[in-house]
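Some notes on the structure that comes next.
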Amino acid sequence: MRTLTRAVYPACASFLIPKHSVRASPLALNSSSTWTRSFSASRKCRALDLAYTLHDEQGKSKGDPIIILHGLFGSKKNNRSVSNAFSRALSRPVYALDLRNHGDSPQEKPHNYTALSQDVLNFLKKHNLKDATLIGHSMGAKTVMAMALQDPDCCANIVAVDNAPVDAALASDFPKYVEGMRKIESAKCTSQKAADEILTPYAKELPVRQFLLTNLIRPSPGEPLKFRIPIKILGDALDDMADFPFKNPDEVRFSKKALFVRGTKSHYVS
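In UniProt numbering, the protein residues as written are 1 to 270.
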């Protein structure tokens with residue numbers, strides 16, 4: 001823990017356990033605080049019912065639930081293998097979610113961490129999921145961190161994979177990915193091969209292209225391929241994905257357990 005603390009402080013200061021482990025309540029804080037303004041605006045945002053897959057080893061899982069959230073341009077399918085592995089190894093039900101504007105979930109503005117957090121909090125309430133472990137990767141990581149600071153009672157602990165609770169610009173590749181996907185839709189491609197050829201100048205690495213192209217669908221036989229994700233909404237939201245709604249670590253803390261997992265070549269956790 002000491003090593004982790006040194007590595008991520010002050011970026012993750014809001015998640016370090018204070019000397020007197022007091023959990024801050026949003027209602028107890030000054031309503032003029034930056035983070036309070038951000039989440040107050042969320043009341044105008046409608047919580048969406050999220051699509052999900054329940055991974056439960058033959059319905060025998062008895063432990064507390066695990067919620068897994070994917071990253072930008074991803075879906076619950078990305079977490080199928082790890083969800084099954086967690087369910088088998090831990091005997092806990094694992095819910096892999098599609099966040100708004102991704103996978104099979106509804107598509108609607110806004111796309112920011114305020115809205116994403118509200119959707120998942122709504123999911124927990126709707127399914128009566130308590131003492132959950134929240135696991136998120138990239139965009140999903142910032143979502144679980146925002147949830148933990150907004151409502152610490154919503155979970156037992158969190159795992160943030162390859163992201164930190166700070167404002168940090170996305171890699172310059174993301175606008176290129178969006179541009180490439182727009183080109184594919186404009187070209188009305190009829191095959192994955194044709195789509196891949198168009199995307200190549202915008203995403204040089206084959207695994208990245210394969211990941212992005214998992215979002216291509218054919219609405220009906222004979223029709224051109226299209227992306228199931230709303231390219232315009234997500235493209236316009238790239239700045240929001242770089243943001244984090246809690247600005248001051250001295251104003252609010254999450255005093256439960258928080259694990260931060262960093263990729264060795266990560267651009268987002270230093």
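In this text, a Cβ means the ideal position worked out from N, Cα and C, and glycines have one as well.
When DSSP states are grouped into helix, strand and coil, Val166 belongs to the coil group.
Distance between Ala203 and Thr214, taken at the CA atoms: about 14 angstroms.
By the 16-neighbour rule on beta-carbons within 10 angstroms, Lys188 is exposed.
Apart from the 5 residues on each side of it in sequence, Ala156 sits with its Cβ closer than 7 angstroms to the Cβ of Asp64, Asp131, Ala132, Thr133 and Lys256 in its chain, given in chain order. Distance from the CA atom of Leu54 to the CA atom of Arg80, rounded to whole angstroms, is 10 angstroms. In the DSSP assignment, Val94 falls within the unbroken beta strand (DSSP E) covering Val94 to Leu97.
With respect to the C-alpha of Phe174, the residue from Gly59, Leu50 and Gly71 having the closest C-alpha is Gly71.
Cβ contact annotation for Leu212 (same chain, cutoff 7 angstroms, sequence separation greater than five): Phe73, Tyr177, Met181, Leu199 and Ala203, in chain order. Within 10 angstroms of the beta-carbon of His267 lie fewer than 16 other beta-carbons, which makes it exposed. A straight-line Cα-Cα distance of about 7 angstroms links Asn163 and Lys142. In the structure shown, Ile66 falls within a strand segment according to DSSP collapsed to helix, strand and coil. Taking C-beta atoms as the reference points, Ile68 and Ala51 fail to come closer than 7 angstroms. Assignment of beta-bridge partners to Tyr52 by DSSP yields Leu97.
Around the Cβ of Pro106, a 10 Å sphere holds fewer than 16 other Cβ atoms; the residue is exposed. In this structure Val161 touches His137 by the C-beta definition: roughly 4 angstroms separates them, less than 8 angstroms. Secondary structure at Gly136: strand, using DSSP grouped into helix, strand and coil. For Ala148, the closest of Ala168, Lys193 and Ser117 by C-alpha to C-alpha distance is Ser117.
Between His102 and Ser75, the CB-CB gap stays under 7 angstroms. Using a Cβ distance threshold of 7 angstroms, Ile217 and Arg228 count as a contacting pair. Less than 7 angstroms separates the beta-carbon of Pro245 from that of Ala146.
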